[in-house]
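Asks: One structure follows; several queries about it will come next.
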Amino acid sequence: MTVGGWKYAAASVIGTSHQKSREGVCQDSHAVRYLVRPAVLAAVVSDGAGSASHAHAGSRLTCDLIMSEIADATTDQLFEQSFAHNTLGRIQARLSEEADRRGLAIRDFACTMLVAIAAPHTTAFWQIGDGAMCFGEPGAERYHYAFWPEKGDYANVTYFVTDPKAHDELQFDTVEIEAAEIALFSDGIERLALDFVAGEVHTGFFNGLFPHMRALPEGFSADLSKRIDEFLGSDRVNQRTDDDKTLVLASRIL
Amino acid sequence: MIAFEPRAGLTLYGADGRSIVLDREIAKGGEGSVWGIADKPDFVAKFYHQGLSPEQARKLGAMCRLKSEHLVKIAAWPVDLVRPTAAGVPQGFLMRRINGYSQAHLLYTPKSRRTHFPEAQLPFLLHTSVNIARAFATVHDAGQVIGDVNHGNLLVSKDAVVALIDCDSFEIIDGALRFPCPVGVPTYTPPELQGKSFSGVQRTQQHDTFGLAVLVFHMLFLGRHPFSGIFRQGQGDKTIEDAIREFRFAYSPNRGATEMDQPSWVPPLSIYPPEIANLFLRAFSAQGASGSRPSSHEWIPALEGLSHNLRRCPANESHFYFQSLASCPWCTAERATGIPMFGFTLTVIGMQGFDIVALWAQIEAVRPDESGKPIYPNDITSQFQPDPRIQETRARRRKKRILSAGSILLAILIVSPGLLPPAISIAVLIGGLVAMTTLWKQGHPGEKFAREHAIALRSYEAAYSRWDSSQPHPEAFVRTMKRLQTHRHELQELPSVRAARMVKLQAELRGKQLQRFLERFKIDKEKIAGIGQGRKNLLQAYGIEDASDVRFDIAIKGFGPALKAALWAWRLSKEQLFVFNSAEGIDPADIRALDLELAQKKAALVHALSSGPAALRQILLPWQVERSRALANLNHWSRAVAQAEVNTKELARW
Chain A
19 MTVGGWKYAA ASVIGTSHQK SREGVCQDSH AVRYLVRPAV LAAVVSDGAG
69 SASHAHAGSR LTCDLIMSEI ADATTDQLFE QSFAHNTLGR IQARLSEEAD
119 RRGLAIRDFA CTMLVAIAAP HTTAFWQIGD GAMCFGEPGA ERYHYAFWPE
169 KGDYANVTYF VTDPKAHDEL QFDTVEIEAA EIALFSDGIE RLALDFVAGE
219 VHTGFFNGLF PHMRALPEGF SADLSKRIDE FLGSDRVNQR TDDDKTLVLA
269 SRIL
Chain B
1452 MIAFEPRAGL TLYGADGRSI VLDREIAKGG EGSVWGIADK PDFVAKFYHQ
1502 GLSPEQARKL GAMCRLKSEH LVKIAAWPVD LVRPTAAGVP QGFLMRRING
1552 YSQAHLLYTP KSRRTHFPEA QLPFLLHTSV NIARAFATVH DAGQVIGDVN
1602 HGNLLVSKDA VVALIDCDSF EIIDGALRFP CPVGVPTYTP PELQGKSFSG
1652 VQRTQQHDTF GLAVLVFHML FLGRHPFSGI FRQGQGDKTI EDAIREFRFA
1702 YSPNRGATEM DQPSWVPPLS IYPPEIANLF LRAFSAQGAS GSRPSSHEWI
1752 PALEGLSHNL RRCPANESHF YFQSLASCPW CTAERATGIP MFGFTLTVIG
1802 MQGFDIVALW AQIEAVRPDE SGKPIYPNDI TSQFQPDPRI QETRARRRKK
1852 RILSAGSILL AILIVSPGLL PPAISIAVLI GGLVAMTTLW KQGHPGEKFA
1902 REHAIALRSY EAAYSRWDSS QPHPEAFVRT MKRLQTHRHE LQELPSVRAA
1952 RMVKLQAELR GKQLQRFLER FKIDKEKIAG IGQGRKNLLQ AYGIEDASDV
2002 RFDIAIKGFG PALKAALWAW RLSKEQLFVF NSAEGIDPAD IRALDLELAQ
2052 KKAALVHALS SGPAALRQIL LPWQVERSRA LANLNHWSRA VAQAEVNTKE
2102 LARW
């Protein structure tokens, strides 16, 4: 089985402030996989809204639906903005259906969406809501970000795929470089990964993570995922955030 | 002239020729320095960096002559000039040392009050206010004027005693001579002097009483300035100086004239008796400015009167208020701000009357109030009706859509008979298409409602997050509760601790008697099997002199197992002779020491427990306020979301 040389790992961990109130349910979800046809690495993170009673289901459905949409697309379609909007439309329809079925409002499934689709020389990024995505080229010393998190008047305010105007808030970009290292993370660890004073990526943060991937075998690493899980649950992270947190890492640097 | 330079050990001379010796510098400011004096701990000497000008020396000289016992008591009044030689030029002056006082603002601002005057409540503030008025009255009775009234020149002790400092800036009248006060602080300056230069103005006692009224206002109104409020006219707030000049007393009931609103969280003037309210109104009015401002003497009986007419709040023992009021104004202010207004007194309760059960009931009664449930949009959407304006929007849209469909139909109708040339047919069709899309777009539904929906969702999420984070009880509350539980447990355990300690003393008593008994059997004088004089000497060398010293595991070279066993058997044989004398009892001194130790421990525990209810309430207050605000905010946005969803649904209909 080919995985295009990609190695990847991911974990979502519940925030300390939610451990009691939500009976231990983490509202973040993620999905990361190498798809043979089309030959891309696809990674998704979705952060469920605190106010949404079914945010966990919302973020799960969103991740799964995006993965299956990507698997059904052709390589040409994948990097079109229209594909992102079509996918968003399908997510909204699916969540709306789910809400009707359970006698709820679509708002009860509110969640964000971070998507990275990486082919050898093109990578597409889509985003609604907070969290961020970073990537690096082989041999480069610095990491780039896809979209800088925009903080509105309130730090807690964000956009969700369920918003009536979500299409207006969808951020889309493609980069024509070889993104050999990609990270997606929810807002719980934004402050660790991004330097909000300098307005750039905390290179030191990723330099502490990506080199661990070099020695890994190709494909999904359960071992590294376990270590990410431990890191996200560690005091170092919990001192900075009481929110749920997710980190997805993918690398194809040897 | 060489500038005078004070230094430790320097000898200076007073007016009567007596010498003083500088000890060390106590304080240094922009203007000068203050020095302690050897063997005169109650006085200090003040020097100016610039030296004393002849005018200053004359003013201070006059003040020294005018000094009185009363003035020295309430102010750092100059008492003597000091000179480098007995006949030299004065270089500084002596004044009473004001020690252990704090600046007045540390008392009147609620936050610093709790740190610097932790036990000060309204009676203390009234007492201080009376003392401030008395201090002003003393200066005025002496025919003098303070001039530069401000909170920095007023110090307050832990006993509410006040002292006016920086007296060298006072306006001094010495017979026909007048020594002016050239400085002032604008927020304490009366309207008639606002904006004027202080240098040409004659300061009067009437001017001082404006500053006095401001200071008393600070004391009684949580450190607020009487002229700081919300100006209802024009853009932005008035400066305090402008408000003073324009007689805009923010707390005046005549709001039409002042055009000012007081800050909503500060209690109104009416929480004090009418006599006090009237004094403030007179002091800050235009009439006051024309000479009828209350004198410093007038404040004293009014403030003292209130001191005798206070009630203690049943809900919070740190709150005192005018007894004619229907409810506690401080509870209202605390609910509005989340800030405790007063510290609380640690009451030491007599050991006998102390009732832990009742106190613990009080402690347990302080629970976080978690009444009030959030409303979620799903629960209330059915209660909302769509915005009536949506009917209009939809009607307009229907019209546009019908026109849109009509326009393309019309175009098709025109071209379908095939009578027109192809070019014109195409043009007509294109025209029809353009009309169709334009009209359709014009009929697009209300952007306004979509925007409202987006804002409602966004704000609802923020409100939810705030509500969510207001849920856990404050950590300090949990910690304090745990500590109080430990204290209660320790207190309840005290009798058994005493019993255990007595048992221990008793057991030690047996040991002590046995020790004394065994000490009587000197190895020297005993006959022990197998142990002759030589071995006795050896034991002696190892400090084993009597039966009490013998252990079964002694390690002495030359003492094999058989000898050791013989020695131990000897000791046991003596021990068997011992009879414990229970009648002897424990040394009473030991019991006294134990009881004293336990009494101290108990006092400390009672002390800590007694302050428990108040401490817990103080910790809970800000949490409680935040919780109810977060709840109100969440419910507000829940309703907004419900309304927006109903609107959006209605909007989606044909």
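So the protein sequences, as listed, match chains A and B.
The letter at position 5 of the first sequence is residue 23 when you use my numbering, and the numbering goes up by one with no holes.
The letter at position 571 of the second sequence is residue 2022 when you use my numbering, and the numbering goes up by one with no holes.
The C-beta atom is built at its ideal place from N, Cα and C for all residues, glycine as well.
1) What is the DSSP secondary structure of Ile-1841 of chain B, counted as helix, strand or coil?
2) Glu-1622 of chain B and Arg-1654 of chain B - do their beta-carbons sit closer together than 8 Å?
3) Could you tell me the distance, in whole angstroms, from the CA atom of Asp-171 of chain A to the CA atom of Ile-1906 of chain B?
4) Which residues, in order along the stretch 65-79 of chain A, keep a beta-carbon less than 9 Å from a beta-carbon of chain B?
5) Identify every residue that forms a DSSP beta bridge with Trp-144 of chain A.
6) Applying a beta-carbon distance threshold of less than 7 Å, which residues of chain B neighbour Ala-123 of chain A?
7) Can you look up Gly-1742 of chain B in the DSSP assignment and give me helix, strand or coil?
8) Suppose contacts are defined by Cβ-Cβ distances below 8 Å. Is Cys-81 of chain A in contact with Ser-114 of chain A by that definition?
9) What does Ser-335 of chain A reach in chain B if we use C-beta pairs closer than 9 Å?
10) Helix, strand or coil for Phe-203 of chain A? Go by DSSP, reduced to three states.
11) List the endpoints of the continuous alpha helix (DSSP H) containing Ile-1488 of chain B.
12) Figure out for me which residue from B:Gln-1813, B:Gln-1922, B:Leu-1732 has the closest Cα to the Cα of Pro-1825 of chain B.
13) What ranges does the beta strand (DSSP E) occupy inside the stretch 1619-1671 of chain B, keeping only unbroken runs of at least 3 residues that lie completely in it?
14) What does Tyr-1559 of chain B pair with, by DSSP beta-bridge criteria?
15) Check distances from the C-beta atoms of the stretch 1889-1912 of chain B to those of chain A and list, in chain order, the residues that come in under 7 Å.
16) Measure the alpha-carbon distance for Thr-1640 of chain B versus Pro-1714 of chain B and round it to whole angstroms.
17) For the stretch 144-162 of chain A against the stretch 1865-1879 of chain B, are there 3 or more C-beta pairs whose distance is under 8 Å?
18) For Tyr-1915 of chain B, report the span of its alpha helix (DSSP H) as first-last.
19) Give every residue of the same chain whose Cβ lies closer than 7 Å to the Cβ of Arg-78 of chain A, excluding the five residues on either side of it in the sequence, and list them in chain order.
20) Give me the Cα-Cα distance between Phe-143 of chain A and Val-1717 of chain B, rounded to the nearest whole angstrom.
21) Under 8 Å, Cβ to Cβ, is there at least one residue of chain A near Thr-2099 of chain B?
22) Whose Cβ in chain B lies nearer than 7 Å to the Cβ of Asp-181 of chain A?
23) For the alpha helix (DSSP H) holding Met-1932 of chain B, just list the boundary residues, first then last.
24) Name the residue from A:Phe-165, A:Asp-94, A:Leu-96, A:Asp-65 whose alpha carbon lies nearest to the alpha carbon of Asp-262 of chain A.
25) Should Gly-147 of chain A and Phe-178 of chain A be called a contact, given that it needs their Cβ atoms to be closer than 8 Å?
26) If contacts are defined as beta-carbon pairs under 8 Å, then Ala-1862 of chain B and Gly-1894 of chain B qualify, I think. What distance do you get, rounded to the angstrom?
27) Can you tell me which of the three DSSP states Ile-1863 of chain B falls into?
28) What residue range does the alpha helix (DSSP H) around Arg-270 of chain A cover?
29) Measure from the C-beta of Ser-47 of chain A to each C-beta in chain B and report whether the shortest distance is under 8 Å.
30) For Ser-1855 of chain B, would you say it is in contact with chain A, using Cβ-to-Cβ distances shorter than 8 Å as the test?
31) Report the rounded CA-to-CA distance for Ala-70 of chain A versus Ile-1865 of chain B, giving the unit in angstroms.
32) Which residue from B:Ala-2016, B:Gly-1983, B:Arg-1952, B:Arg-2068 puts its Cα closest to that of Cys-1782 of chain B?
33) Who are the near neighbours of Leu-1942 of chain B in its chain, counting only those whose CB is closer than 8 Å to its CB and skipping five residues on each side?
34) Whole angstroms are fine: how far does the CA of Asp-1830 of chain B sit from the CA of Ser-121 of chain A?
35) Can you list the beta strand (DSSP E) stretches of 3 or more residues lying completely in the stretch 1525-1593 of chain B, in chain order?
36) In chain order, what are the residue ranges of uninterrupted alpha helix (DSSP H) at least 4 long that sit wholly in the stretch 1682-1717 of chain B?
Replies: Once the coordinates are examined:
1) helix
2) It is a contact, given that the beta carbons lie within the stated cut-off.
3) For Asp-171 of chain A, the predicted model reports a pLDDT of 49, less than 50, meaning its position is unreliable; a value from the coordinates is still stated below. Their Cα atoms are separated by approximately 12 Å.
4) Ala-67, Gly-68, Ser-69, Ala-70, Ser-71
5) A:Val-133, A:Phe-190
6) Pro-1828, Asn-1829, Glu-2096
7) helix
8) no
9) For chain A, the structure presents residues 19 to 272; residue 335 of chain A sits outside this window and is missing.
10) strand
11) Looking at the DSSP string, Ile-1488 of chain B is not in any alpha helix (DSSP H); the run it does join, the beta strand (DSSP E), is 1483-1488.
12) When C-alpha distances from Pro-1825 of chain B are compared across B:Gln-1813, B:Gln-1922, B:Leu-1732, the shortest belongs to B:Gln-1922.
13) 1623-1625, 1628-1630
14) Note: Tyr-1559 of chain B sits in no beta bridge, so no partner.
15) Ala-1901, His-1904, Ala-1905, Leu-1908, Arg-1909, Tyr-1911, Glu-1912
16) 22 Å
17) no
18) Per DSSP, the unbroken alpha helix (DSSP H) holding Tyr-1915 of chain B starts and ends at 1898-1920.
19) Ser-47
20) Looking at the two C-alpha atoms, the distance is approximately 53 Å.
21) yes
22) Ala-1905, Leu-1908
23) 1926-1970
24) Closest option to Asp-262 of chain A, Cα to Cα, is A:Asp-65.
25) yes
26) Their Cβ separation, rounded to whole angstroms, is 18 Å, which puts Ala-1862 of chain B and Gly-1894 of chain B out of contact at 8 Å.
27) Helix, per DSSP.
28) In the DSSP assignment, Arg-270 of chain A falls outside any alpha helix (DSSP H), carrying neither H nor E.
29) no
30) So, not an interface residue.
31) 55 Å
32) B:Arg-2068
33) Ile-1807, Lys-2053, Leu-2056, Val-2057, Leu-2060
34) The amino acid at residue 121 of chain A is misidentified as Ser; the sequence shows Gly. Near 11 Å, if we compare the C-alpha coordinates of Asp-1830 of chain B and Gly-121 of chain A.
35) 1529-1533, 1543-1547
36) At a cut-off of 4 residues, the continuous stretches assigned as alpha helix (DSSP H) that sit fully inside the stretch 1682-1717 of chain B are 1691-1696, 1706-1709.
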